[in-house]
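Single-structure report; data block below.
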Amino acid sequence: MTQASATGRAHAIRLRLRRRPKVLTLFVWGYIVWSLAPALIAIAFSFNSGKSRSIWQGLSLRWWTDGPGSMLHNDVFRGALEHSFTLAVLNVLIAVPLGIGLAITLSRWFGRGSGAVSLLATMTLVVPELVLAISLFLLFTQLLDIVELGTMAQVIGQVTFTLPFVVVITRGRMSSISTDLEEAAMDLGCSPLQALRLVLVPLLQPAIVASVVIAFALSIDDFVVTQYLSSDASTQTVPMLIYNTARGSATPALNATATVLVVVTALLVALGGLLYYALSRRQRLGAAE
Amino acid sequence: MAGGEVRLAKLVKAFDEVTVVDGIDLHMPGGEFFSLLGPSGCGKTTTLRMIAGFEQPTSGEILLDGKNVALTPPHKRNVNTVFQGYALFPHLSVFDNVAFGLRRQGTPRAEVRRRVNEALAMVHMEAFAKRRPAQMSGGQQQRVALARALVLKPAVLLLDEPLGALDAKLRKILQIELKALQQEVGITFIYVTHDQEEALTMSDRIAVMHEGRVEQVAPPEVVYEEPSTTFVADFLGTSNVIHAVATQATASGCEVRVGEFELTAGRGAIDARGETKIAIRPERVTLEPHGSTGPNRLAGMVERVVYLGNANQIIVRLPTGEALQALVQNTGEKLAYEQGDPVRAHLPAEALRVLADTGAAEIEEQAAAAA
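Taken in sequence, the protein lines are chains A and D. First residue of the first sequence: 12, per the working numbering; consecutive thereafter. First residue of the second sequence: 5, per the working numbering; consecutive thereafter.
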């Protein structure tokens, strides 16, 4: 065999190898379309001019702001949106600081050998949500009189299942922060608490951003716990609203309400992603080139 | 600057069942460049961390200018540390890193600026004030770490293998700079290293540590020329350590027997008797042709010749089965010995040491006498 034909063959093999992933690429795009299409179709129908949520009759803002049946003029829809966002914000404000505190305590004061404690603290990750919802419901209705069903119970429930996510995210980041940095801070005159505030917390910023996004999204998305711990119509969230009305005579105003939720959450995730990227670039830990 | 005297008394540190530092006594007068030298796991870093306050001793005292600080938290001690991995804060600029300690003390803004610039100038890093740690090389980060610790004007500066991560050439340059810097600021430096060359180049005195204990404390030339234990002789450069039997005292030292040969050892524990070890540096061994006579000579056979560039390393097998290394300077002439040649090795009495593998107390005494 001549050398020229040998290189020709090698080239052909390389080409074949490079061509093969096309099947995979197709699969990836297929999946993306499959998973997004229903949401996109639902969003599109919120702009339908007719009452139908499946037959397109023309473009209008009738279900958004204009008509009497629009989302803007429907107190139930507006209330559900408001309540969804209220719960999400409260969940972020409570679960993120608590989870970060828990993570710091677990990694710094219990040491690395704290397997059992860590496992317990992240247990709710694997407990079926329905089990958690029912046990919290029984707890609040039978044992703990102070907590009434409604916003307070819903927030406690959501914080309970959000905490482990925040802990896992934060501990991941902490494992890349050398304890030398905190020791250096103390060496330079910080008390242990000051070292935490001035060195550890700033370095945890990417984890904090990621936790905020996750906590917000988990809250917005939640149905089981939030449903079980609700009291009346005033504590109805958008997912509950959709569940309760979607099978009945729903109008495209419901689609409009859901769209607000999707768009706000997507924007927040995108913003969080950008911020996370920027922060982790800025704080490349150690590593000199 | 006055002060900076450190005294360690019966210092012990045990982690669970393992005793890492096993009762060390050391005294570093103010302004000294003192090195803790030893292999990894010898307890040198733990000792340093106890002086810094990151570890609490299991027992014993740490006296800083006469005051026991063994239980004082790190932020209340007038000592600062340069960490092995530099530990610069990645979220802060060079300026803010160096200003960090001053700001904790509530130093006025203008003074912070002045002192930070001074400290950066001292390590030639003024031009880098706005950089972040990740945008600098290892050597540059090391200089900033030094400035960050020195700007607080501590009584004692602790350095934990600060040059460990740098390449050989840069290490040499920084060794010289560090020594000059220490003489300029005049404070006590306690320097932890496993690199004997580093310790020998910079230190006023060296404590050689082994398994949590101090083997010898002495100035560099004494630890190198007159190691008092087998471990020290072995750890500091290559040394020939040979089994011998000490028989009697002579006018010029101690008579020792190696196989059938009698030698006089003029240094070390010359009052030792019975089974012992003798040591000599390869560069002090001279080789002579077979048949040459005179005192302090051993017969042997050239086993291997290794070309080192500036010298030839010749391994001579002794009749006792032990190997003896001789270092012959490369003068440009052809080497007189080849593999398999019988030779005579001359071990001058004034370079031959009897090693004392005795307790640390005696060694301390010796060191005190030498100093």
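Glycine included, each C-beta is placed from N, C-alpha and C at the ideal position. Note that the structure is a prediction, hence the values are computed from the model and not measured.
Since Gly200(A) meets chain D, which of its residues come closer than 7 Å, beta carbon to beta carbon?
-> Counting from one through the first sequence, the residue named residue 200(A) turns up at place 189. What Gly200(A) touches in chain D: His79, Gly105, Arg108, Gln109.
Would you call the segment 173-189 of chain A and the segment 96-109 of chain A touching, i.e. three or more CB-CB distances under 8 Å?
-> Taking a cut-off of 8 Å for Cβ pairs, the segment 173-189 of chain A and the segment 96-109 of chain A touch, as three or more such pairs fall below it.
Straight-line Cα distance separating Thr297(D) from Pro323(D) | In the second sequence, the residue the question calls residue 323(D) occupies position 319. In the second sequence, the residue the question calls residue 297(D) occupies position 293. Per the coordinates, the alpha-carbon of Pro323(D) lies some 17 Å from the alpha-carbon of Thr297(D).
Could you please give the first and the last residue of the uninterrupted alpha helix (DSSP H) stretch that includes Glu194(A)?
-> Here residue 194(A) refers to the residue found at position 183 when the first sequence is read from its first residue. First-last of the alpha helix (DSSP H) with Glu194(A): 190-198.
What residue from Phe193(D), His95(D), Leu68(D), Glu307(D) has the CA that sits closest to Ser291(A)'s CA?
-> Here residue 291(A) refers to the residue found at position 280 when the first sequence is read from its first residue. When only C-alpha atoms are compared, the closest one is His95(D).
My guess is that Gly200(A) and His79(D) are in contact by the Cβ rule of under 8 Å, so how many angstroms apart are they, rounded?
-> Here the question's residue 200(A) lines up with position 189 in the first sequence. Here the question's residue 79(D) lines up with position 75 in the second sequence. With a Cβ gap of about 5 Å, Gly200(A) and His79(D) count as contacting.
For the alpha helix (DSSP H) holding Pro224(D), just list the boundary residues, first then last.
-> Numbered from 1 along the second sequence, position 220 holds the residue referred to as residue 224(D). Segment 224-229, the alpha helix (DSSP H) holding Pro224(D).
Between Ala360(D) and Gly34(D), what straight-line distance do the alpha-carbon atoms span, to the nearest angstrom?
-> Here residue 360(D) refers to the residue found at position 356 of the second sequence. Here residue 34(D) refers to the residue found at position 30 of the second sequence. Going from the Cα of Ala360(D) to the Cα of Gly34(D) covers about 30 Å.
Can Thr171(A) and Leu143(A) be called in contact, C-beta distance under 9 Å?
-> Your numbering for residue 171(A) matches position 160 in the first sequence. Your numbering for residue 143(A) matches position 132 in the first sequence. Their beta carbons are under 9 Å apart, which means Thr171(A) touches Leu143(A) by this criterion.
Report the rounded CA-to-CA distance for Ser95(A) versus Thr262(A), giving the unit in angstroms.
-> Counted from its first residue, the first sequence places residue 95(A) at position 84. Counted from its first residue, the first sequence places residue 262(A) at position 251. When rounded, the distance between both Cα atoms is 20 Å.
CB-CB under 7 Å to Gln186(D), same chain, minus the five flanking residues each way: which ones, in chain order?
-> Walking along the second sequence from the start, residue 186(D) turns up at place 182. Within the same chain, Gln186(D) has close Cβ partners Phe37, Phe193.
DSSP state of Ala387(D), grouped into three classes?
-> Outside the shown range of chain D, which is 5 to 375, sits residue 387(D), and nothing can be said about it.
Applying the criterion that 16 or more other CB atoms from any shown protein chain within 10 Å of the CB defines a buried residue, is Glu225(D) buried or exposed?
-> As a working mapping, residue 225(D) is identified with position 221 in the second sequence. Exposure of Glu225(D) is indicated by the presence of fewer than 16 other C-beta atoms within 10 angstroms of its C-beta.
Residue burial classification, Val224(A) (beta-carbon count within 10 angstroms, cutoff 16) = Position 213 of the first sequence, counted from the first residue, corresponds to residue 224(A). Per the 10 Å Cβ criterion, buried.
Going along the chain, which residues of the segment 61-95 of chain D sit with their C-beta nearer than 9 Å to a C-beta in chain A?
-> Taken in chain order, the members of the segment 61-95 of chain D whose beta-carbon sits within less than 9 Å of a beta-carbon on chain A are Pro77, Pro78, His79, Lys80, Arg81, Val83, Asn84, Thr85, Phe87, Gln88, Gly89, Tyr90, Ala91, Leu92, Phe93, Pro94, His95.
Thr324(D) lies in the beta strand (DSSP E); which residues open and close that run?
-> Here residue 324(D) refers to the residue found at position 320 of the second sequence. In this chain, Thr324(D) is not harboured by any beta strand (DSSP E), its DSSP state being neither H nor E.
Taking a cut of 8 Å between CB atoms, which residues from the segment 48-59 of chain D lie near chain A?
-> Within the segment 48-59 of chain D, Ala56, Gly57, Phe58 place their CB atoms closer than 8 Å to a CB of chain A, listed in sequence order.
Just grab the DSSP bridge partners of Thr280(D) for me.
-> Numbered from 1 along the second sequence, position 276 holds the residue referred to as residue 280(D). Paired residues: Ala248(D).
Which of helix, strand or coil does DSSP assign to Arg11(D)?
-> Against the second sequence, residue 11(D) aligns to sequence position 7. Correct three-state label for Arg11(D): strand.
When DSSP labels each residue in this structure, what does Leu124(D) get in the three-state scheme?
-> Residue mapping note: residue 124(D) aligns to position 120 of the second sequence, counting from 1. Residue state, collapsed to three classes: helix.
Could you run through the segment 167-179 of chain A and flag, in chain order, every residue whose CB is less than 7 Å away from some CB of chain D?
-> Within the segment 167-179 of chain A, no residue has a Cβ that lies closer than 7 Å to any Cβ of chain D.
Answer yes or no: do Arg285(D) and Ala250(D) have a C-beta to C-beta separation smaller than 9 Å?
-> Here the question's residue 285(D) lines up with position 281 in the second sequence. Here the question's residue 250(D) lines up with position 246 in the second sequence. In this structure, Arg285(D) keeps its C-beta atom at 9 Å or more from the C-beta atom of Ala250(D).
Using 8 Å as the threshold, is the segment 192-206 of chain A in touch with the segment 215-231 of chain A, meaning 3 or more CB pairs across them?
-> Touching, no.
Close-in-space but distant-in-sequence residues of the same chain around Arg301(D) (CB under 6 Å, 5 per side omitted) = For the purposes of this step, residue 301(D) is taken as the residue at position 297 of the second sequence. Listed in chain order, the non-local C-beta contacts of Arg301(D) below 6 Å within the same chain comprise Arg348, His350, local neighbours out to five positions each way being set aside.
Taking the continuous beta strand (DSSP E) assigned at Ile194(D), which residues delimit it?
-> Sequence index remark: in the second sequence, residue 194(D) carries index 190 (1-based). Run containing Ile194(D): 192-197, per the beta strand (DSSP E) assignment.
Over what stretch of residues does the alpha helix (DSSP H) that includes Leu51(A) continue unbroken?
-> For this step, residue 51(A) is matched to residue 40 along the first sequence. Leu51(A) -> alpha helix (DSSP H) spans 33-56.
CB contact below 9 Å: Ala327(D) versus chain A | Locating residue 327(D) in the second sequence gives position 323, counting from the first residue. Not closer than 9 Å to any Cβ of chain A, the Cβ of Ala327(D) fails to qualify, so no.
Would you list, in chain order, the members of the segment 82-94 of chain A that have their beta-carbon closer than 9 Å to a beta-carbon of chain D?
-> Within the segment 82-94 of chain A, no residue places its CB atom closer than 9 Å to a CB of chain D.
For Ala172(D) and chain A, any beta-carbon pair shorter than 9 Å?
-> Here the question's residue 172(D) lines up with position 168 in the second sequence. Using a Cβ-Cβ cut-off of 9 Å, Ala172(D) does not count as an interface residue toward chain A, since no Cβ of chain A sits closer than that to its own.
Three-state class that DSSP yields for Asn102(A) in the structure shown | Translated into positions along the first sequence, residue 102(A) becomes position 91. Here Asn102(A) sits in helix by DSSP.
Length-filtered (3 minimum) beta strand (DSSP E) runs lying within the segment 108-156 of chain D = Every candidate beta strand (DSSP E) stretch fails here, since none sits fully inside the segment 108-156 of chain D while reaching 3 residues.
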